[in-house]
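Q: Supplied in structure tokens, the structure appears directly below.
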Amino acid sequence: MSVVKGKRIKRLGIMGGTFNPIHYGHLVTAEESYYKFSLDIVIFMPAGHPPHKKDGEIISAEDRYLMTVIATASNPHFFVSRLEIERPGPSYAIDTLRELHQIYGEEIEYFFITGADAILEILTWKDSEKIYEMCSFIAATRPGYSLEKFKELSLTSTQKKNKLPKVHFLEVPALAISSTDIRRRVKAGSPIRYLVPDEVANYIYKNGLYR
Ligand code: NAP
């Protein structure tokens, strides 16, 4: 059994995302997951080099990591990992899960938390069927999100005789907030107060991000 800061870990949440930038929607998703799935801790895992994104599309991994640290600092069960930002090459989830299994052991349960749209692409992820054996997924959805696409995904997988991932759906009203909208707002000079923690807004302005 793994122990983190004196706490025995049986159920571990991995909050996977680009966090460009982190916002209250992400924080509420992680807290709801912690509560609803009785997680012991949630580790935020900013992607270093998201496999499906082109260079130049996102700001530096270090800035995204630091904003994630600032945003989560006051929560005793939130942690932030540098695993993906320090690993060279594309940030494949399979590599992260292998590293986490080595650190925390095989006997605990792993929950990979991310946006439902990202999980919809799971068939294209590297070693996806291996991933299904290493974790289950918490797919965060915005209100009104249609689950039809997931039915298609499970139909396609069944027809191709592929294994299916274990997915729990979690509707998060705060996910009306999106990183894309925040980036647009900063560029347009519109306010982002109450969409991101004040400290994250200050970091963005101080460092001239998203101009
Ligand atoms: P994305 O395509 O930028 O995001 C898809 C949607 O999900 C967006 O609406 C996004 O909202 C939302 N979202 C992203 N992370 C979230 C989170 N933790 N909680 C709630 N909503 C979230 O996806 P991404 O951020 O690049 O990738 C998501 C995760 O999947 C990352 O950990 C990435 O490494 C992993 N991934 C792995 C592979 C692979 O292993 N081959 C391939 C693709 C993705 P916002 O824009 O507001 O965040």
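Each number in the working numbering comes from the position in the sequence shown (counting from 1) with 15 added on. All C-beta atoms in this analysis are idealised placements derived from N, C-alpha and C, irrespective of residue type, glycine included. Note that this is a predicted model, so its numbers are computed, not measured.
Beta-carbon within less than 8 Å of N35's beta-carbon, same chain only, minus the 5 sequence neighbours each way: which residues are those?
A: Here the set comprises I73, I74, R79, S194 and R198.
Q: Looking only at its own chain, which residues have a Cβ that is under 8 Å from the Cβ of F52, when we skip the five neighbours before and after it?
A: Closer than 8 Å at Cβ, skipping near neighbours: R26, G28, F126, I153 and H183.
Q: Pick helix, strand or coil for I207, following the three-state DSSP scheme.
A: Looking at I207 - three-state DSSP - the assignment turns out to be coil, as it is neither helix nor strand.
Q: Would the stretch 207 to 214 count as touching the stretch 81 to 96 if we require 3 or more Cβ pairs under 8 Å?
A: Judged by Cβ distances under 8 Å, the stretch 207 to 214 makes contact with the stretch 81 to 96, as three or more pairs qualify.
Q: By how many angstroms is the C-alpha of A76 removed from the C-alpha of F93?
A: Taking the straight line from one Cα to the other gives about 19 Å.
Q: Tell me whether Y160 sits in a helix, a strand or coil according to DSSP, three-state version.
A: Three-state DSSP puts Y160 in coil, outside helix and strand.
Q: Less than 8 Å between the CB atoms is what I'm expecting for I24 and I58, so what's the real figure, rounded?
A: The pair is not a contact, with the Cβ atoms about 10 Å apart (cut-off 8 Å).
Q: Cβ of A62 within 8 Å of Cβ of E99?
A: Their beta carbons are under 8 Å apart, which means A62 touches E99 by this criterion.
Q: Is M82 a contact residue of the ligand NAP, with contact defined as CB to any heavy atom under 7 Å?
A: Checking the Cβ of M82 against the ligand NAP gives no.
Q: Among T129, L115 and E124, which one has its Cα closest to the Cα of L42?
A: Taking only the C-alpha atoms, the option nearest L42 is T129.
Q: Below 7 Å, is the gap between the Cβ of L190 and the nearest heavy atom of the ligand NAP?
A: Yes, the Cβ of L190 comes within 7 Å of a heavy atom of the ligand NAP.
Q: From which residue to which residue does the alpha helix (DSSP H) around E215 run?
A: Residue identity differs from the one stated: residue 215 is Val in this sequence, not Glu. Note, V215: alpha helix (DSSP H), D213 to K221.
Q: Can you list the alpha helix (DSSP H) stretches of 4 or more residues lying completely in the stretch 66 to 103, in chain order?
A: Listed in chain order, the complete alpha helix (DSSP H) runs (minimum 4 residues) inside the stretch 66 to 103 are 76 to 87 and 98 to 101.
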